[in-house]
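What follows is one structure encoded as C-alpha cells, with my remarks underneath.
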C-alpha cells in the first residue's frame, strides 16, 4: 500500500504547485489522476519518485517512510517505484529485450550492466514481462522499428521487469491514437491486477479515466478536489476539477458512463449471487 501524506511542493518563492495532498493507493488498484494542465499532476508523480524533492509531507510504502532526502534513500525508493513515461524513453537502436533489461539494472552489478551480461533469471523475467504486454514476437526487434503504441508497451514491460510495488504512468497515451491508447491502458490495468501492483496514472481523457480506473483523483490548482469511484464523477465534480468548463457534451458523457458503470456493477453482483447459489 502506498500512502501520500500532506505532500507539498513549491519552487523557490513561487506559488505552491502541490498543496497538502494526501491519499492512499492499495496494491492492485488502478488510480487515475485527472486535472487541467498546470494542476500539478506531473509534479505529483515526480515528487513520489523523488525525481524532484517534495517541500513537505511524507511518502510511505507499506508503512515505511521513503521520504528521506539522502541518495541511498532515493535509490531504494526508485527500486520500488517504476515509471512509464509519455515519450517512451527507449534506446531506439537496442532490441526490445535489451530495453526491458534496463529495468533489472538495480539488481545487477554495474560492470555486468556495462557488458550487458545479465543472469538468465533476469532475462527470463524480462521475457515474461514482454509476453504480458503482447509483444513476444517483437522480443528481438529494434525499438526504432516499433509503432508508438508498441513502444509504450515496451515501457510497461520495462517497468514490470523492475518488479515494483508502484507504477507511475505520466500521460502514457497522450501521443497515441484511440486504438493504441485503449490497448496500452488495457495492458497496464491487466498487469496491475495480475501482479497486484498499485498504479497511479495521469490522464487528460475523462472517458478513459472512467472506463479503466478503479478510482479517480482530481487535482485543481495543486489541491485535491476529488477522490472517489469513477461512477461518482458528476458534471459538478468535473467543473471543480476543470474550473470554467461547462460543456453539455462532457456532462452527458459523464452521466452516461456513470450509469453504464453502475449497471455493469449491478449485473456482476447479480451474476455473482447466482453463481453462489443465492437464487437456487
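In my numbering, the protein residues as written are 12 to 291. For glycine and all other residues, C-beta sits at the position ideal for the given N, C-alpha and C.
When burial is assigned at 16 or more other CB atoms within 10 Å of the CB, is residue i buried or exposed?
i	result
residue 23	exposed
residue 102	exposed
residue 239	exposed
residue 273	exposed
residue 20	buried
residue 129	buried
residue 204	exposed
residue 110	buried
residue 26	exposed
residue 41	buried
residue 166	buried
residue 291	Low local confidence applies: a pLDDT of 48 at residue 291 is under 50, so the model's placement there is unreliable, with the coordinate-based value given in what follows. Classification for residue 291: exposed.
residue 2	Past the boundaries of the shown model lies residue 2; the chain is included only from 12 to 291, so the question cannot be answered.
residue 53	buried
residue 126	exposed
Short of 8 Å in beta carbon distance, which residues of its chain neighbour residue i, apart from the five on each side in sequence? Order them along the chain.
i	result
residue 251	229, 231, 236 and 237
residue 60	88, 89, 92, 94 and 179
residue 247	none
residue 158	191
residue 262	246 and 249
Keeping to the same chain, check which residues put their C-beta closer than 6 Å to that of residue i; ignore five residues upstream and five downstream.
i	result
residue 43	212, 214, 220, 224 and 227
residue 38	207 and 209
residue 97	181, 182 and 185
residue 50	230 and 231
residue 270	none
residue 77	70 and 88
With a Cβ-Cβ cutoff of 9 Å, do residue i and residue j count as a contact?
i	j	result
residue 141	residue 175	no
residue 180	residue 144	no
residue 106	residue 68	no
residue 187	residue 160	yes
residue 254	residue 65	no
residue 117	residue 86	yes
residue 197	residue 216	no
residue 115	residue 154	no
residue 242	residue 276	yes
residue 18	residue 55	yes
residue 194	residue 268	no
Residue i and residue j look like a contact to me (Cβ under 8 Å); what is the Cβ gap, rounded to whole Å?
i	j	result
residue 36	residue 70	In fact, because the Cβ distance is near 11 Å, the residues do not count as touching under 8 Å.
residue 163	residue 189	At roughly 14 Å, the Cβ-Cβ gap does not stay under 8 Å, so residue 163 and residue 189 are not in contact.
residue 146	residue 168	7 Å
residue 30	residue 234	5 Å
residue 72	residue 13	6 Å
residue 136	residue 172	6 Å
residue 264	residue 218	6 Å
So, for residue i: in the same chain, excluding its five sequence neighbours on each side, which residues have a beta-carbon less than 7 Å away from its beta-carbon?
i	result
residue 113	169
residue 124	116
Compute the minimum distance between the beta carbon of residue i and the heavy atoms of the ligand MG, and state whether it is under 8 Å.
i	result
residue 181	The ligand MG is not part of this structure, which contains no ligands at all.
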